[in-house]
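Under UniProt numbering, residue 306 is the last one in the sequence shown; the count climbs by one each step, no gaps.
Each residue gets a CB set at the ideal place from its N, CA and C atoms; glycine is no exception.
Beneath this line is the structure, given in C-alpha cells, with notes to follow.
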Amino acid sequence: MALILDGEGTTVGTSAPTGGGDLIKDGNIETFMQDVIEASQSVPVVVEFWTPRAGPGGSLGPLLEKLVRQLNGAVRMVKINVDENQQLAAQLRVQSVPTVYGFKQGQPVDAFAGALPESQLKQFLSGLTGGAANPVDAALEEARQALDGGDFEGALMMYRQILERDQGNTKAIGGYLRALVANGQTGEAAQILAQLPEDFLKDPDIVAAKTKLELAQEGAGPVSELRAAVEADPDNHQARYDLANALYAGDQAGAAIDELLEIYRRDRAWNEDAARQRLLKIFEALGPGDPVAAAGRRRLSSLIFS
Numbered sequence: 001m002a003l004i005l006d007g008e009g010t011t012v013g014t015s016a017p018t019g020g021g022d023l024i025k026d027g028n029i030e031t032f033m034q035d036v037i038e039a040s041q042s043v044p045v046v047v048e049f050w051t052p053r054a055g056p057g058g059s060l061g062p063l064l065e066k067l068v069r070q071l072n073g074a075v076r077m078v079k080i081n082v083d084e085n086q087q088l089a090a091q092l093r094v095q096s097v098p099t100v101y102g103f104k105q106g107q108p109v110d111a112f113a114g115a116l117p118e119s120q121l122k123q124f125l126s127g128l129t130g131g132a133a134n135p136v137d138a139a140l141e142e143a144r145q146a147l148d149g150g151d152f153e154g155a156l157m158m159y160r161q162i163l164e165r166d167q168g169n170t171k172a173i174g175g176y177l178r179a180l181v182a183n184g185q186t187g188e189a190a191q192i193l194a195q196l197p198e199d200f201l202k203d204p205d206i207v208a209a210k211t212k213l214e215l216a217q218e219g220a221g222p223v224s225e226l227r228a229a230v231e232a233d234p235d236n237h238q239a240r241y242d243l244a245n246a247l248y249a250g251d252q253a254g255a256a257i258d259e260l261l262e263i264y265r266r267d268r269a270w271n272e273d274a275a276r277q278r279l280l281k282i283f284e285a286l287g288p289g290d291p292v293a294a295a296g297r298r299r300l301s302s303l304i305f306s
C-alpha cells in the first residue's frame with residue numbers, strides 16, 4: 001500500500017521494501033564462505049537462521065532488515081533457511097529459530113535466539129558496528145527540531161526524505177502528519193490517516209498526530225476576537241475554551257494549555273470537566289516526552305491536589 005504525500009504524487013509505502021540490494025541477501029552453505037566469512041572481514045555481517053514454517057509473523061526478518069537498511073551499509077545481512085541448510089545450522093549449533101549471529105573479521109562475535117524488541121536489536125547491531133550512529137535516527141531528530149522551531153516546510157521535506165528511505169517508519173509518518181497540521185494542511189493529513197492500516201493507527205506517534213489533527217479541526221475562530229472576549233469577561237469560560245482551541249490550532253500549544261488551566265483554576269466542574277479533558281487530549285497530541293506537555297501535566301497535578 002502506498003501513501004500519497006503531496007499533490008505532486010510523491011508516495012511512500014506502509015511497509016518496508018523487500019529488496020535490500022547487496023545489503024541483504026539469501027544465503028546457503030555454498031555461499032556462506034563468501035557472503036559471511038569473507039565479507040565480514042570488511043563489514044559486520046548479521047546472519048539470521050529462519051524457517052518458513054514459522055509463518056510471516058514468526059521471523060525477525062522484517063524488523064531486522066529495516067534496521068540493517070537504516071544503517072546504510074555499516075552492516076550487512078544474510079538470511080539462511082534452516083530447512084534447506086540443516087548441515088550449516090548444525091555446524092553453528094542452531095537449536096531454535098530464529099537464531100541470529102553477528103560476524104566480524106570472519107568470526108562469530110555475538111548471537112541470540114528468539115524474538116527481541118526493536119530496542120534490543122538496535123543494541124545488538126550497535127555492538128557490531130562499534131556504536132555507529134543510525135542516520136535515520138539522526139534525520140528524525142533534525143526533522144523534529146525543525147518542526148518544534150516552526151520550520152514546518154523544512155520539517156515536511158525532511159520527513160518526506162526519511163519516508164522515501166524507510167517507508168514504514170511510524171515516527172516519520174507521525175512527524176509528517178504533525179507538520180502538515182501545523183502548516184495548516186489538515187485536509188492532506190486527514191487523507192493520509194485514512195489510508196493507514198489499522199496496526200499503524202495504534203502506534204503512539206500516529207495516535208498523537210491523529211489527536212493533534214482532531215484538535216486543530218476544532219479551532220474556533222480568530223484568536224484576536226476570542227482574546228478580546230476573554231479580556232472583556234474573564235469568567236466567560238466558553239470564550240476562553242474557544243481561545244485555547246484556536247491557539248492550539250495555530251500551533252501555540254503552551255498558550256492553549258495556559259488558558260485551559262485558567263478555566264480549571266476558576267471552575268473545575270465547568271461544562272462537565274471540559275477543561276481538564278481537553279488538557280489531557282492536548283497532552284496526548286503533543287506525544288510522549290514533550291517538555292510542554294510534561295510541564296502542563298505538573299501544573300494540572302498541582303491544581304488537582306491544591
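Around Arg-299, the same chain offers Leu-261 as residues with beta carbons nearer than 7 Å, after the five sequence neighbours per side are excluded.
Under the three-state reduction of DSSP, Arg-93 is assigned to coil, being neither helix nor strand. Taking C-beta atoms as the reference points, Phe-49 and Val-78 fail to come closer than 7 Å. Spatial neighbours of Asn-236 in its own chain (CB-CB distance under 8 Å, excluding positions within 5 residues in sequence) are listed in chain order as Ala-229 and Val-230. With respect to the C-alpha of Ala-179, the residue from Val-136, Lys-212 and Glu-225 having the closest C-alpha is Lys-212.
Between Ala-113 and Ser-96 the beta-carbon gap is near 5 Å, inside 8 Å, which marks them as a contact.
Spanning the alpha carbons of Ala-194 and Ala-138 requires a straight line of approximately 28 Å. For Gly-27, the three-state secondary structure derived from DSSP is strand. Listed in chain order, the non-local C-beta contacts of Ala-256 below 6 Å within the same chain comprise Ala-244, Leu-247 and Tyr-248, local neighbours out to five positions each way being set aside.
In the structure shown, the three-state DSSP call for Arg-76 is strand.
Cβ atoms of Phe-283 and Gly-296 come within 8 Å of each other, at about 6 Å. Following the DSSP letters along the chain, one finds Pro-108 inside the beta strand (DSSP E) bounded by residues 107 to 113.
The C-alpha of Met-158 lies about 10 Å from the C-alpha of Gly-175. Secondary structure of Gly-289 (DSSP, three-state): coil. Each residue's CA atom was taken as its position, placing Leu-63 and Gly-168 some 10 Å apart.
When C-alpha distances from Glu-259 are compared across Leu-140, Pro-288 and Val-223, the shortest belongs to Val-223.
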